[in-house]
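**Q** Handing you a structure now.
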Amino acid sequence: MTGPPDDCLARNEWICGDYLNTRRQILVDAVVQHLQLTSVSVLIALAVALPLAVLARRFGWAAGPVLALTTVLYTIPSLAMFSLLLPVYGLSAPLVVAGLVLYSLTLLVRNILAGLRAVPEETRQAARGLGYGPIRLLLTVELPLALPAAMAGLRIAMVSAVSLVTVGAIVGFGGLGNLIYSGMNTYFKAQVLTASALCVVIAVAADLLLLGVQRALTPWTRAVRA
Numbered sequence: 001m002t003g004p005p006d007d008c009l010a011r012n013e014w015i016c017g018d019y020l021n022t023r024r025q026i027l028v029d030a031v032v033q034h035l036q037l038t039s040v041s042v043l044i045a046l047a048v049a050l051p052l053a054v055l056a057r058r059f060g061w062a063a064g065p066v067l068a069l070t071t072v073l074y075t076i077p078s079l080a081m082f083s084l085l086l087p088v089y090g091l092s093a094p095l096v097v098a099g100l101v102l103y104s105l106t107l108l109v110r111n112i113l114a115g116l117r118a119v120p121e122e123t124r125q126a127a128r129g130l131g132y133g134p135i136r137l138l139l140t141v142e143l144p145l146a147l148p149a150a151m152a153g154l155r156i157a158m159v160s161a162v163s164l165v166t167v168g169a170i171v172g173f174g175g176l177g178n179l180i181y182s183g184m185n186t187y188f189k190a191q192v193l194t195a196s197a198l199c200v201v202i203a204v205a206a207d208l209l210l211l212g213v214q215r216a217l218t219p220w221t222r223a224v225r226a
């Protein structure tokens, strides 16, 4: 009569140190791809969302269409979104990036616009009275005061993107999602749990990092709370 396997991999346990030792490079590669897809997507989304929010703030008639369009994009299921983008990008990393950019726009545009709208009108009038033109007013007064709301949206978008990257596993570019997907297909418990836990760690670390950046860029908010 044979006894049970003498290692956690053979026993297919959820928590297995041998998995970390034997698959270290695979995990590192998956984490790197996950971080690359997430960071590139959010940065591109931010570069697109900022001018859209400024346009919506500057021209009141544009706010409705911009918010409506980004909201509609956010309601499209991820699988449907990737299917719609597939003819353009094919089975590639840009397909995942494009989808994440479109999903992030809603969170970023809404929060940046909310921050710009929250700037007191008397502050704008005072800056104009000092000779500030539209560009200088935007860069040195409106955007700095809108930072708390904008950073809140950026944090939510980042955490959301970390989660949504895993869906990219359906096209082979999902970072840790690739490991989760293959682990679920083979019922490889240690792989599913480890990859899922790393996704949570990345999301929490990214949120804390952005929170630190927000506090460094907006010291006046700490003074107000104090």
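Each residue of the sequence shown is one higher than the one before, counting from 1 in the UniProt record's numbering. Virtual Cβ for every residue (Gly too), placed ideally from N, Cα, C.
1. Nearest by alpha-carbon distance to residue 79: which of 205, 45, 185, 174 is it?
2. Where does the unbroken alpha helix (DSSP H) through residue 90 begin, and where does it stop?
3. Would you report the Cα separation of residue 73 and residue 104, rounded to the nearest angstrom?
4. By the three-class DSSP mapping on this structure, what secondary structure does residue 24 have?
5. Looking only at its chain, what residues have a beta carbon closer than 7 Å to the beta carbon of residue 196, apart from the 5 residues adjacent to it on each side?
6. Tell me which same chain residues have a C-beta within less than 6 Å of the C-beta of residue 116, skipping the five on either side of it?
7. For residue 52, which residues in the same chain have their Cβ closer than 6 Å to its Cβ, ignoring the five residues on either side in sequence?
8. Using CA atoms only, rank isn't needed, just tell me which of 102, 86, 178 is closest to residue 43.
9. Between which two residues does the alpha helix (DSSP H) holding residue 178 run?
10. Mind checking which residues open and close the alpha helix (DSSP H) that includes residue 144?
11. For residue 1, count neighbouring Cβ atoms within 10 angstroms of its own Cβ and tell me buried if that reaches 16, exposed if not.
12. Could you tell me if residue 135 is buried or exposed, where buried requires 16 or more neighbouring beta carbons within 10 angstroms of its beta carbon?
13. Under 8 Å by Cβ, that's how I've got residue 137 and residue 128 pegged, so tell me the actual separation to the nearest angstrom.
14. I want to see whether chain B comes within less than 8 Å of residue 39, judged by CB atoms only; does it?
15. Judging by CA-CA distance, which residue of 68, 149, 38, 186 is the nearest neighbour of residue 99?
16. Have a look at residue 30 and residue 194 and give me their C-alpha separation to the nearest angstrom.
17. Applying the 10 Å Cβ sphere with the 16-neighbour rule, what's the burial state of residue 187?
**A** Judging by the given coordinates:
1. Cα-wise, what sits closest to residue 79 is 174.
2. Run containing residue 90: none; DSSP gives neither H nor E here.
3. Distance from the CA of residue 73 to the CA of residue 104, rounded to the nearest whole angstrom, comes to 9 Å.
4. Helix.
5. Hits under 7 Å: 180.
6. Excluding sequence neighbours, residue 116 sits near 57, 142, 146.
7. Contacts found: 66, 109.
8. The residue with the shortest Cα to Cα distance from residue 43 is 102.
9. Unbroken alpha helix (DSSP H) run through residue 178: 176 to 186.
10. Here the alpha helix (DSSP H) through residue 144 covers 143 to 164.
11. Reliability of the predicted coordinates at residue 1 is poor, the pLDDT of 41 falling under 50, and the value obtained from them is presented with this limitation in mind. Per the 10 Å Cβ criterion, exposed.
12. Note on residue 135: under 16 other CB atoms within 10 angstroms of its CB, so exposed under the neighbour-count rule.
13. About 7 Å separates the beta carbon of residue 137 from that of residue 128, a gap short enough to meet the 8 Å contact definition.
14. Given the protein chain composition of this structure (a single chain), no chain B is represented.
15. When each option's Cα is compared against that of residue 99, the closest is 38.
16. Rounded to whole angstroms, residue 30 to residue 194 spans 12 Å at the Cα level.
17. So residue 187 ends up on the exposed side.
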